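Following: one structure in structure tokens, then a few remarks.
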Amino acid sequence: MSWGDENTNFHVVVNHEEQYSIWPDYREVPAGWRLAGKQGKKEECLAWIDQVWTDMRPLSLRKAMDADTVNGAAQA
Numbered sequence: 001m002s003w004g005d006e007n008t009n010f011h012v013v014v015n016h017e018e019q020y021s022i023w024p025d026y027r028e029v030p031a032g033w034r035l036a037g038k039q040g041k042k043e044e045c046l047a048w049i050d051q052v053w054t055d056m057r058p059l060s061l062r063k064a065m066d067a068d069t070v071n072g073a074a075q076a
């Protein structure tokens, strides 16, 4: 099996920054990543990621920007 094999099944994985990727199901999920609850063929998993990962910014950046917005509103 390989990444390019159309018969390979994948898991969607997500990291602590809420960034998504795919990982072949025959390999152990790498450190720092966890299963996101979707598995299937490569294209199926990539389509699912396109639907759920709508904000490409890492979680830490989103939180920092939200804090800046709240702080800016409080100062106004």
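Numbering-wise, full-length UniProt numbering puts 31 at position 31 of the sequence shown, and it's gapless, one number per residue.
By construction, the Cβ of each residue, glycine as well, lies at the ideal position given by its N, Cα and C atoms.
These figures come from a predicted structure and were not determined experimentally.
> Should Lys38 go down as buried or exposed, given a rule of 16 or more other Cβ atoms within 10 Å for buried?
Replying inline: buried
>> If contacts are defined as beta-carbon pairs under 8 Å, then Val13 and Val29 qualify, I think. What distance do you get, rounded to the angstrom?
In response: 6 Å
>> Just to confirm my understanding: we take Phe11, look at its own chain, exclude 5 residues before and 5 after, and list those with CB closer than 6 Å. What are they?
In response: The sequence as given places His at residue 11; Phe does not occur at that position. Sequence-distant partners of His11 (beyond 5 residues in either direction) whose C-beta falls short of 6 Å from its own C-beta, in its chain, are Trp23, Asp25, Leu35 and Gln39.
> Quick one: what's got a C-beta closer than 6 Å to His16's C-beta in the same chain, skipping five residues either side?
Replying inline: none
> Hey, quick one: how far does the beta strand (DSSP E) through Ala31 stretch, first residue to last?
Replying inline: No beta strand (DSSP E) contains Ala31, which DSSP labels as neither H nor E.
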